[in-house]
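Data first, discussion second: the structure below is written as structure tokens.
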Amino acid sequence: MTRSSKKVIDSLRSSNKLNLIFTNIGNLGKPSMKVLEACFNFAFDDKLKTLLIPDSLCPIIKWLPDIDESNQLKVSEMILKGCTTNYICKQSSCEEEIIKIVCETLTSFEYLNEGCIQNLIKLIEELAKISIKPAELKGILSLLKEESKFPYTKQLLQTFTVVSLQNLNGGNTSCGQYFDIQKSYDGIIVPDIRNWIMSGSYGFIFHVFLRLNPLGEETGDSDTVKTTKRRMLFNLKTATDTGFEGFIQDNGNIVVAAVTKKEYLTSSVSAKTIFDGRWHFVTIALSPPKRPFSYSQINIYVDFIQKISTTLKMQGLNEPFTFCTIASAYQHHQRYQDHSPHSDRIARGSSQESSPQQFRGILPNILERTLSTHVSNYFTLPMRNTTSFDPNVKNFPIGMQDNVFGEPVCLRGQICSVLLAEPTTNMRTIFEAGTNFASLFSQDNDVIDLTSRFVFCYSAGSCTNNICTDLVPGGKYIGSVSARHFKIVKIQDTLNSVGGVQAILPILHNISKSSDFSLTSDVNEDDLLAAAQKTPSVEEFSDWEVLTTSSYTEWKMIQQPVAKTDTLAMIGVMLKKIPPSSFDVNALMGTHLLIESIQNQKPSANMKLLENLYLEIVFNFAIWSKMQFQIVLGHVQYISTMIKGDRKYFRKKFGVQYFLDVLRMYYGSPENINFEDSKTIRATIFAIIKYYIQKDVNIKEVSSIVAFMASVKYEHVLIELLEVLTYHMKSKSCKDDLILLMHEPQTANLFYNYFIDKVHTFELQEANIRFIETLLSSTRVQGKYKQILRLMEEESFYPGFFSYLIPLNLSESVLLRIYDQLLSSEIDYTGLMFLVYQVYQCDIPIKLEVAKKLLQVTFLKPTAPQSIAKRVGWQESVARLLIKKPIVDKLDVERGKAL
Numbered sequence: 001m002t003r004s005s006k007k008v009i010d011s012l013r014s015s016n017k018l019n020l021i022f023t024n025i026g027n028l029g030k031p032s033m034k035v036l037e038a039c040f041n042f043a044f045d046d047k048l049k050t051l052l053i054p055d056s057l058c059p060i061i062k063w064l065p066d067i068d069e070s071n072q073l074k075v076s077e078m079i080l081k082g083c084t085t086n087y088i089c090k091q092s093s094c095e096e097e098i099i100k101i102v103c104e105t106l107t108s109f110e111y112l113n114e115g116c117i118q119n120l121i122k123l124i125e126e127l128a129k130i131s132i133k134p135a136e137l138k139g140i141l142s143l144l145k146e147e148s149k150f151p152y153t154k155q156l157l158q159t160f161t162v163v164s165l166q167n168l169n170g171g172n173t174s175c176g177q178y179f180d181i182q183k184s185y186d187g188i189i190v191p192d193i194r195n196w197i198m199s200g201s202y203g204f205i206f207h208v209f210l211r212l213n214p215l216g217e218e219t220g221d222s223d224t225v226k227t228t229k230r231r232m233l234f235n236l237k238t239a240t241d242t243g244f245e246g247f248i249q250d251n252g253n254i255v256v257a258a259v260t261k262k263e264y265l266t267s268s269v270s271a272k273t274i275f276d277g278r279w280h281f282v283t284i285a286l287s288p289p290k291r292p293f294s295y296s297q298i299n300i301y302v303d304f305i306q307k308i309s310t311t312l313k314m315q316g317l318n319e320p321f322t323f324c325t326i327a328s329a330y331q332h333h334q335r336y337q338d339h340s341p342h343s344d345r346i347a348r349g350s351s352q353e354s355s356p357q358q359f360r361g362i363l364p365n366i367l368e369r370t371l372s373t374h375v376s377n378y379f380t381l382p383m384r385n386t387t388s389f390d391p392n393v394k395n396f397p398i399g400m401q402d403n404v405f406g407e408p409v410c411l412r413g414q415i416c417s418v419l420l421a422e423p424t425t426n427m428r429t430i431f432e433a434g435t436n437f438a439s440l441f442s443q444d445n446d447v448i449d450l451t452s453r454f455v456f457c458y459s460a461g462s463c464t465n466n467i468c469t470d471l472v473p474g475g476k477y478i479g480s481v482s483a484r485h486f487k488i489v490k491i492q493d494t495l496n497s498v499g500g501v502q503a504i505l506p507i508l509h510n511i512s513k514s515s516d517f518s519l520t521s522d523v524n525e526d527d528l529l530a531a532a533q534k535t536p537s538v539e540e541f542s543d544w545e546v547l548t549t550s551s552y553t554e555w556k557m558i559q560q561p562v563a564k565t566d567t568l569a570m571i572g573v574m575l576k577k578i579p580p581s582s583f584d585v586n587a588l589m590g591t592h593l594l595i596e597s598i599q600n601q602k603p604s605a606n607m608k609l610l611e612n613l614y615l616e617i618v619f620n621f622a623i624w625s626k627m628q629f630q631i632v633l634g635h636v637q638y639i640s641t642m643i644k645g646d647r648k649y650f651r652k653k654f655g656v657q658y659f660l661d662v663l664r665m666y667y668g669s670p671e672n673i674n675f676e677d678s679k680t681i682r683a684t685i686f687a688i689i690k691y692y693i694q695k696d697v698n699i700k701e702v703s704s705i706v707a708f709m710a711s712v713k714y715e716h717v718l719i720e721l722l723e724v725l726t727y728h729m730k731s732k733s734c735k736d737d738l739i740l741l742m743h744e745p746q747t748a749n750l751f752y753n754y755f756i757d758k759v760h761t762f763e764l765q766e767a768n769i770r771f772i773e774t775l776l777s778s779t780r781v782q783g784k785y786k787q788i789l790r791l792m793e794e795e796s797f798y799p800g801f802f803s804y805l806i807p808l809n810l811s812e813s814v815l816l817r818i819y820d821q822l823l824s825s826e827i828d829y830t831g832l833m834f835l836v837y838q839v840y841q842c843d844i845p846i847k848l849e850v851a852k853k854l855l856q857v858t859f860l861k862p863t864a865p866q867s868i869a870k871r872v873g874w875q876e877s878v879a880r881l882l883i884k885k886p887i888v889d890k891l892d893v894e895r896g897k898a899l
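FYI, the UniProt record's numbering numbers position 777 of the sequence shown as 777, with every residue one higher than the one before it.
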């Protein structure tokens, strides 16, 4: 009876008969497998793949704990199949709150086997992707509580994550309310379209937000036969049965047809992606001829991208339209032959009498059958002489459209919103409205220009009692709809109703207390490093962090509480407590996704929320310093990319000083990673600092670098920074300002302290002298500004500097580099002779090299001999080069020790 009569189904569901049936079945004791299968077949039609009575599945789910474990798996698989076979079954199950029943059943997990629980969790996932109500979300959160002791928390949390990602991946391609158009009589009719009057020829812009059933997804329409069909988008006809219609073929072609008294002209474009099961925008624009002897223009857009633009060779249509349907298979001539609810509604709603009855003769039917035997498909039809010169336009004899394209059927999909506008309307205005069609007609909308004229606009959210309110100001064209109306609740709205993001914090708290919690499978170190450095894809996100990064971050209702409370600070504190092994690549990608979801809303982004996110999590290296090397490296590289995208913003709060402090506090000598890994991280942070000073530099940042050099105790960090600065100053990208500021007093000249302090190694001294040498050899600074760095002032000159070095303890390369500086353009002969005096304790090769350079300068500089001769004690300085080894009196040494 339920298969053949919809009235029987409505009667069972409207009264208490259904509950009475299943109550009595339950009173008979533990149901057998045959009884369960019969109950399931009572609810689900396997032939039509349709869920006839979704209410019937609720008692079956409740019976699961009482069923034998051997049958639980099979029954749960049947329920999963019945609820998730296709989109229609899913939306019917969501309407009956199946998720709530499943959560209640899972509280008795001790009586369910593992396979049954896994199937029920999978059922929650599939249905929650469509819609989830507050009571259902509370049921999931209650299972995730520590008190519930639910053993499959990890799997349930992964399900929660996948649902969040589904909403994020959908972005703007999701709809809150829609019409489900599946039956042959479903669709929207506009009775008063005849009142639409245009000056000149008629044209239009038809814009719809829809989802089509995938080709493999069967519908519940019993008269459906697997033949070629026209899935109708719209139908606009005049009293003489001429006009336009748009439809979609099963091969993915979107076809726009112009119907004249003799011809059926079509223009089509392939759009196979429209059957991917997602929401799409389809826009068809027909512009009438603007001058005599010109042609109409057809443009088809899919998701705001133009797919085709063709010229239609036909006269402009000057008759007003008298018939308009949307997504309906109802045809113009059926108004006079059928007595369907549609015809009655049109008769009542129209302000004008119907035209006389029209009948088809016998000859056209004979001719149609004769021609159809010679015409197999669209492309084998012969072209007529009157066809357009545009190769994208084909024409057929009138009446042949059903044979070529198939009989018209309803859309077999869902419609969220639809509008019809005159051809002068600005397309950009329509596209920028996105899914919110009603925003076009809001009072504060100043985008619509004077040329924009809308005929009607319908939205599923403004439908009451099968009547669609026209959202266009004035509301002249009321629509009559015959289709099921569905309202889905996205997870972002549901989460907001149960406490917002704060409701997820206890989950994170439980994870932070667990030492072995991980939501991803084990991976080796190489795979982890590769994944951390590559661009994340949506399929890879499966961690808890995605819970806070799903698309509900785009909603201001949730953003405001997060920004005003300490939610992010609490998350940051808990992240510090989480074991590093629990925070893997997926959590890292989730964090980055959270950042991007807010950043992408600029300039209207919630800047306070974004700043708190940066401060408490993104740039909080108290968290990241404890993570694994691959995680830290991936995050620092992401920060580098983010800074390069908005350098001026990040420089104010997270500039050179900030990253130097990060190096000093966390990466001087970290304990959780080895030396080579820490060196790699420091190199990445130094690259950020280099990027800052490469674009712009000031004295404050230079002072920060000098202070960092003076305060850091780790020589390897100092050497790395000196090498970075040296390499940068040699490059062409270095700003002149940096070199000039380094020659200021109390900046680079302070680096001579590395030679005086005896604790520093030769490696640091060599890196330091290379840095100083790079500054002094630069041609961007005049010689007079280099005197400070050369220590040529009266207060501090080389002899004074060398006096702190006694006994001389410098490497060979450092001594020779200092000697070369003394022999530069302005020779300091006093310092030169002092250095010659002090090298007597060095090895013979060094003394030989110093002697050669001294001899060379006396030949190259004519005044050098006289200048050297004027220095007091120059003879002794030169003579000491001949000392091979100083003779030390042991008695003098003992006296020195006694003193």
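Every residue gets a Cβ at the ideal spot worked out from N, C-alpha and C, and that includes glycine.
The structure displayed is predicted, hence computed values, not measured ones.
Range of the contiguous beta strand (DSSP E) that encloses residue i
i	result
PHE109	Segment: none, PHE109 is in no beta strand (DSSP E) and carries neither H nor E.
GLN297	296-302
PHE396	393-397
CYS416	413-421
Pairwise C-alpha distance: residue j and residue i
i	j	result
GLN177	MET627	44 Å
GLY316	LEU120	59 Å
GLY216	ASN510	43 Å
LEU440	VAL418	12 Å
ILE248	LEU633	50 Å
THR161	GLU114	21 Å
ALA327	CYS39	35 Å
ARG335	LEU411	With a pLDDT of only 46 at ARG335, under 50, the local geometry of the prediction cannot be trusted, and no value is derived from it.
ILE197	GLY203	11 Å
TYR648	LEU610	Here the sequence assigns Lys to residue 648, which means Tyr is not the residue at that position. When rounded, the distance between both Cα atoms is 16 Å.
ARG231	THR273	16 Å
SER76	ARG651	57 Å
Proximity to residue i [Cα-Cα], best of the options
i	options	result
VAL190	VAL481, LYS90, ASN403	VAL481
ASP390	GLU422, ILE99, CYS457, LYS313	LYS313
GLN182	GLU422, SER442, ILE769, ALA483	ALA483
GLY499	ALA438, PHE486, THR311, THR565	THR565
LYS122	PRO745, PHE629, ILE99	ILE99
MET709	ASN698, GLN746, GLN637, GLN787	GLN746
PRO397	TYR785, THR266, TYR202	THR266
THR46	LEU18, THR84, ASP66, VAL35	A small fix is needed here, since residue 46 is Asp in this sequence, not Thr. Checked all of LEU18, THR84, ASP66, VAL35; the closest Cα to ASP46 is THR84.
ALA622	GLU849, TYR638, SER582, LYS577	LYS577
GLN492	GLN502, PHE486, HIS728	GLN502
Where residue i falls, given that 16 or more other Cβ within 10 Å makes a residue buried
i	result
PRO862	exposed
ILE883	exposed
PRO473	exposed
TYR111	exposed
GLN352	With a pLDDT of 37 at GLN352, under the threshold of 50, the predicted position of this residue should be treated as unreliable, though the coordinate-derived value follows. GLN352 comes out exposed.
GLU97	buried
THR23	exposed
LEU233	buried
Residue i: first and last residue of the uninterrupted alpha helix (DSSP H) it sits in
i	result
TYR649	647-653
TYR330	No alpha helix (DSSP H) holds TYR330; DSSP gives it neither H nor E.
ARG402	In the sequence under discussion, the amino acid at residue 402 is Asp, which differs from the Arg named in the question. ASP402 -> alpha helix (DSSP H) spans 401-405.
Which ranges does the beta strand (DSSP E) cover as unbroken runs of at least 3 residues, wholly within the region 467-514, from first to last along the chain? 479-482, 484-487
In chain order, which alpha helix (DSSP H) runs of at least 4 residues are fully inside the region 670-727? The qualifying runs are 675-695, 699-711.
What are the start and end residues of each continuous alpha helix (DSSP H) run of 4 or more residues lying completely inside the region 203-265, in chain order? Runs found: none.
So within the region 561-633, which uninterrupted alpha helix (DSSP H) runs reach at least 4 residues, ignoring any that extend past its ends? 567-577, 585-599, 607-613, 621-624
In chain order, which continuous runs of the alpha helix (DSSP H) of length 4 or greater are located wholly inside the region 850-887? 864-869, 874-879
Mind pulling the alpha helix (DSSP H) runs of 4 or more residues that sit fully within the region 756-785? Listed in chain order, the alpha helix (DSSP H) elements of length 4 or more contained wholly in the region 756-785 are 762-776.
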